[in-house]
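*Asks:* Sequence lines, in order, name chains V and U.
Heads up, the first sequence is in our numbering, so the first residue is 32 and it goes up one at a time.
Heads up, the second sequence is in our numbering, so the first residue is 6 and it goes up one at a time.
Beta carbons are placed, not taken as given, at the ideal position from N, Cα and C, and that holds for glycine.
This is the structure, below, for whatever I ask next.
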Amino acid sequence: MPSQDAKRASGPESSGAAGSRLSRRSLLQGAATAGAAGLAATALGAVASPALAATSRTAPGQSPAREQARTPAGPIVVHVRDARSGDIEVFSGTSQTRVRDQDLAARIARAIG
Amino acid sequence: MSSHREAPEISKDPVADSTDVYAFVSPDKPDTVTLIANYIPLQGPAGGPNFYEFGDDVLYEIHIDNNGDGRADISYQFRFTTEVANPDTFLYNTGPIEALSSPNWNRRQTYEVTVVSGFSGRVAGTGLACPPCNIGPLSTPDYAALGAQAVHSLGGGISVFAGQRAEAFYVDLGSIFDLGDLRPFANLHATFGLPGLKAGPGVNATNHLNVHSIALQVPISAIRRSGHPTIGVWTTASRQRVRVWDADNGENVDSGPFRQVSRLGNPLVNEVLIPLGHKDQWNSLPPSDDKLFAGYVAHPGLAALLPDLYPGVFPNLAALVKSGKPRADLEAILLTGIPAGIIPGFQNFTGAVQADMLRLNTSVPPTPASKQSIYGLLGGDAGGFPNGRRVTDDVVAIELRALAGVTYPLIDKTFKPDAAAGQLTDGLTPASVSSPPLGQFPYLGIPYSGFDNPS
């Protein structure tokens, strides 16, 4: 995909039919905003590329290590994409993480069932 | 319309719906370019008490590509914040708003501008005031002054404005979307076996309506790359991926990374060329991915329709369509820019990458007003569309004519356009816009007031 290029992508990246875009910049931003978990999810193929202004507003002056250690102040939104496979997206601030956890998905499903 | 309500999803989200982009060398400051992105289409001026405003939850951007790869080299980001001074009144204003600092103004917006270049971003301005909407002679008695107060300097020779303006794009929507029965030529329409129509003058459907504009005036030297006089310009709007209605607190909660939901470069591309099933996808992608859609430019559906809608009027266009030859003229105009050697003394080619961007060759000086043609390059005026786009350019007529084959001789001199192709128009001119453009930044006219335009 063209966004493998080191040049900054044209804007917030798409999850459209052209597929996920993983740029060096998005990795940097993912690390800055989501900590190690976010970076790991990005490496697995999820996209974490918040716009720069929004990112800096979310975590002004925050180092990745410090942010990793704290619990996000705002709400955390969980999207179970597929309970059977355990495909889960977790959103907080301007970050997202995608994990695969069948047990967690099953527990969430039971909680609302 | 240029891009008003042009795709199914964005038509339900007007706050994030880009409507027009303009890019031109500033006529009164020719060492600068002016970039304008309009949002929130078809605003009825009397739409109170909650008058129109930018979305606090939307990331608005104006992008510049200065090396021709269809990706942003410089982006200007805009984030808005709304403040309500007194939540205990239903009124937008409790008295005349005679200055942006007026205590009578109850609901106001400010914004922050961030300039992103490469991997770094710099906040260029915060707390910048938008003007109020134009309400009427009692609420906004001197709107021109309010608008002028809302022009801010960001330093480095950059000026910025964000707020309501008069819609400058003129178009006869009522005829175009009634199966293309352009009023000046309605007597020639096939009418699908229904009773014939009479020819008549065009009607500007967007007259007396407003939009919200984000305008920048930037020194050319700050955005142009050495040896690359042509820049590509487009705008995007993005939303966070998740929105949850928090019923307990009565507010939306947004979360997750921003994703692009609206895009606009050249007028009418997503509106007219991209089929319904791909419009939302087109809005979500960057120009660098436009190769995916190049087939719709090379074989435009509207060019095939015109001979059917107007039987016997476009025989040469019909033969061209039937030949199956790709419209390399349209690909050049919309996707790559026009290479040198095609039009004497002019080029705005940015390279082989097919990307829908409004291309502006910044080395072309602004055309004096007395010599401007609203048909831009088609009218022999290199200062207008598709070399950038000025506020008064008749982009509907230019693109209709191009689609009808007027520009095909640029790549095949043996092709003879139909006589009607060069006359196509929806019958409108800049005079169809009641609020005329300003002579200085931000150039778009004073918005129509609710009192004077109640319906």
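1. Leaving out the 5 sequence neighbours to the left and right, which residues in its chain are closer than 7 Å to GLN114 of chain U when beta-carbon positions are compared?
2. Starting from SER126 of chain V, find everything on chain U with Cβ-Cβ shorter than 8 Å and list it in chain order.
3. Using the beta-carbon of each residue, which ones in chain U are nearer than 8 Å to VAL108 of chain V?
4. Mind pulling the alpha helix (DSSP H) runs of 4 or more residues that sit fully within the segment 205-256 of chain U?
5. Buried or exposed, going by whether 16 or more other CB atoms sit within 10 Å of the CB of VAL249 of chain U?
6. Just to confirm before moving on: does the CB-CB distance between ALA171 of chain U and PRO452 of chain U stay below 9 Å?
7. Taking the alpha-carbon positions, what's the ASP113 of chain V to ALA137 of chain V distance?
8. DSSP on THR89 of chain V, reduced to helix/strand/coil?
9. Kindly list, in the order they appear in chain U, the residues whose Cβ is closer than 7 Å to that of SER123 of chain V.
10. What whole-angstrom Cβ distance do ARG394 of chain U and PRO272 of chain U have, given they're in contact under 8 Å?
11. Between GLY105 of chain V and chain U, is the shortest Cβ-Cβ distance under 9 Å, so that the two count as touching?
12. Measure from the alpha carbon of ILE69 of chain U to the alpha carbon of each residue in U:ASP253, U:GLY237, U:PRO206, then state which is nearest.
13. Rounded to whole angstroms, what is the Cα-Cα separation between LEU40 of chain U and THR119 of chain U?
14. Regarding ILE279 of chain U and the ligand HEM, is the C-beta to nearest heavy atom distance less than 8 Å?
15. On the CB-based measure, 16 or more other CB atoms within 10 Å of its CB, does PHE122 of chain V come out buried or exposed?
16. Buried or exposed: which applies to GLN154 of chain U, given that a residue is buried once 16 or more other Cβ atoms fall within 10 Å of its Cβ?
17. What's the gap between the Cα of GLY356 of chain U and the Cα of ASP285 of chain U?
18. Would you give the residue range spanned by the beta strand (DSSP E) that GLU117 of chain U belongs to?
19. Under three-state DSSP, which class holds THR64 of chain V?
20. Starting from ILE403 of chain U, trace the alpha helix (DSSP H) in both directions and tell me its first and last residue.
21. Taking the beta strand (DSSP E) that TYR148 of chain U falls in, what are its first and last residues?
*Replies:* This is what the structure holds:
1. Position 109 of the second sequence, counted from the first residue, corresponds to residue 114 of chain U. For GLN114 of chain U, where only same-chain residues beyond five positions count, the Cβ hits under 7 Å are GLU58, PHE59, PHE85, THR86, THR87, CYS135.
2. In the first sequence, residue 126 of chain V corresponds to position 95, counting from 1. Residues of chain U with a Cβ closer than 8 Å to the Cβ of SER126 of chain V are, in chain order, GLY261, PRO262.
3. On the first sequence, position 77 is the one that residue 108 of chain V refers to. Chain U residues near VAL108 of chain V: VAL247, VAL249, VAL258, SER260, GLY261.
4. For the segment 205-256 of chain U, whole alpha helix (DSSP H) runs of length 4 or above, ordered along the chain, are 225-228.
5. To locate residue 249 of chain U, count along the second sequence from 1; it is residue 244. So VAL249 of chain U ends up on the exposed side.
6. Counting from one through the second sequence, the residue named residue 171 of chain U turns up at place 166. Counting from one through the second sequence, the residue named residue 452 of chain U turns up at place 447. Result yes, Cβ atoms of ALA171 of chain U and PRO452 of chain U sit closer than 9 Å.
7. Position 82 of the first sequence, counted from the first residue, corresponds to residue 113 of chain V. Position 106 of the first sequence, counted from the first residue, corresponds to residue 137 of chain V. In a straight line, the C-alpha of ASP113 of chain V is about 10 Å away from that of ALA137 of chain V.
8. By one-based count along the first sequence, residue 89 of chain V stands at place 58. Because the pLDDT at THR89 of chain V is just 33, under 50, the model does not fix this residue reliably, and the point stays unresolved.
9. Position 92 of the first sequence, counted from the start, is the residue given in the question as residue 123 of chain V. Residues of chain U whose Cβ lies closer than 7 Å to the Cβ of SER123 of chain V are, in chain order, SER260.
10. The sequence position of residue 394 of chain U within the second sequence is 389, counting from 1. The sequence position of residue 272 of chain U within the second sequence is 267, counting from 1. The Cβ separation is near 7 Å, so the contact holds.
11. Against the first sequence, residue 105 of chain V aligns to sequence position 74. GLY105 of chain V counts as touching chain U.
12. Position 64 of the second sequence, counted from the first residue, corresponds to residue 69 of chain U. It is U:GLY237.
13. Counting from 1 along the second sequence, the entry for residue 40 of chain U is found at position 35. Counting from 1 along the second sequence, the entry for residue 119 of chain U is found at position 114. For LEU40 of chain U and THR119 of chain U, the distance between alpha carbons rounds to 15 Å.
14. With respect to the ligand HEM, the structure shown offers nothing to examine, as it has no ligands at all.
15. Start at 1 with the first residue of the first sequence, and residue 122 of chain V comes out as number 91. It counts as buried.
16. Within the second sequence, the letter at position 149 stands for residue 154 of chain U. If you draw a 10 Å sphere on the C-beta of GLN154 of chain U, you find fewer than 16 other C-beta atoms in it, and that means exposed.
17. Reading the second sequence from its first residue, position 351 is the one you call residue 356 of chain U. Reading the second sequence from its first residue, position 280 is the one you call residue 285 of chain U. Rounded to the nearest angstrom, the two C-alpha atoms are 26 Å apart.
18. Position 112 of the second sequence holds residue 117 of chain U. Under the DSSP assignment, GLU117 of chain U falls in the beta strand (DSSP E) whose first and last residues are 112-122.
19. Along the first sequence, one-based indexing puts residue 64 of chain V at 33. Caution is warranted here: a pLDDT of 33 is assigned to THR64 of chain V, below 50, making its placement in the model unreliable, and the coordinate value is therefore given only provisionally. DSSP places THR64 of chain V in helix when its eight states are reduced to three.
20. By 1-based counting over the second sequence, the position of residue 403 of chain U is 398. Membership of ILE403 of chain U in the alpha helix (DSSP H) is indicated by the continuous run 400-408.
21. Residue mapping note: residue 148 of chain U aligns to position 143 of the second sequence, counting from 1. Run containing TYR148 of chain U: none in the beta strand (DSSP E); it sits in the alpha helix (DSSP H), 148-154.
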